[in-house]
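Quick note on our numbering: the sequence shown kicks off at 8 and runs consecutively.
Here a beta-carbon is modelled for each residue, glycine too, at the ideal position from N, C-alpha and C.
On a predicted model such as this, the values are computed, not experimentally measured, just so you know.
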Amino acid sequence: MLKTSLLLFFASTTLICAQENSTHRIAYYLEIAVDEEHQYAMDVPESPYLVAPNTLQLFCNEKIWVECEVQDNVIQSMKVVEQNTNPSKTIEIEFRQEAEDRASIQTILKVKNPFDKELHYDAMMFPPKHQDWVETSILPVLPKLEGYELWPHAILTLVLENWKLEE
Numbered sequence: 008m009l010k011t012s013l014l015l016f017f018a019s020t021t022l023i024c025a026q027e028n029s030t031h032r033i034a035y036y037l038e039i040a041v042d043e044e045h046q047y048a049m050d051v052p053e054s055p056y057l058v059a060p061n062t063l064q065l066f067c068n069e070k071i072w073v074e075c076e077v078q079d080n081v082i083q084s085m086k087v088v089e090q091n092t093n094p095s096k097t098i099e100i101e102f103r104q105e106a107e108d109r110a111s112i113q114t115i116l117k118v119k120n121p122f123d124k125e126l127h128y129d130a131m132m133f134p135p136k137h138q139d140w141v142e143t144s145i146l147p148v149l150p151k152l153e154g155y156e157l158w159p160h161a162i163l164t165l166v167l168e169n170w171k172l173e174e
């Protein structure tokens, strides 16, 4: 009886932790190219991708799936999921750096819109050279397509917020 109770306790604890980890990034060491001569490195702590309701923070070289609940063409809620099991309501986001040619570093954000409406959002970036948050312009992602944003410099992290669907 005790063995069965302990087994059930550990199984339920593991299940709960696994569910929580899908919404949190695991701590890791991040290193990106800043320019031809410099690198920027930091320990990214375990932390949530959703830092506020419908507000995401991504670090360079992260890829996530964000499942949305939509009502009357309004994104009511977002949750980060481990797999894209509901493609009709899951936004795919990839944030990466291309630095093979250190003279022309690029940071790229790819957003895949699963909806029948344009996907709009706002973004702020944290470039390592500025050490401060900077607003950046973002083009809407057309229905059922992927949108790409490219910046000709290093970006450590992005905050993506104010998600909405429009005609």
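Counterpart residues of Ser54 in DSSP-defined beta bridges: Arg32.
Check whether the segment 106-122 and the segment 144-156 touch, using three or more Cβ-Cβ pairs below 8 Å as the test. Three or more pairs of CB atoms, one per stretch, sit closer than 8 Å, so the segment 106-122 contacts the segment 144-156.
Paired residues, beta bridge with Ala40 - DSSP: Gln46, per the DSSP bridge assignment.
Would you grab the beta carbon distance between Gln104 and Ala161 for me? Rounded to a whole angstrom, and I think it's under 8 Å. Contact between Gln104 and Ala161 holds, since their C-beta atoms are separated by about 7 Å, short of 8 Å.
Same chain only: Cβ atoms within 8 Å of Glu174, ignoring 5 sequence neighbours per side: Only Lys124 and Glu125 meet the Cβ criterion.
What are the residues that DSSP puts in a beta bridge with His160? Per DSSP, none; premise fails for His160.
Using 8 Å as the Cβ pair cut-off and three pairs as the minimum, do the segment 163-170 and the segment 58-66 touch? Contact between the segment 163-170 and the segment 58-66 is present, with at least three C-beta pairs closer than 8 Å.
If you compare alpha carbons, which of Arg32, Val41, Tyr36 and Ser144 is closest to Asp108? Among Arg32, Val41, Tyr36 and Ser144, the Cα nearest to that of Asp108 belongs to Val41.
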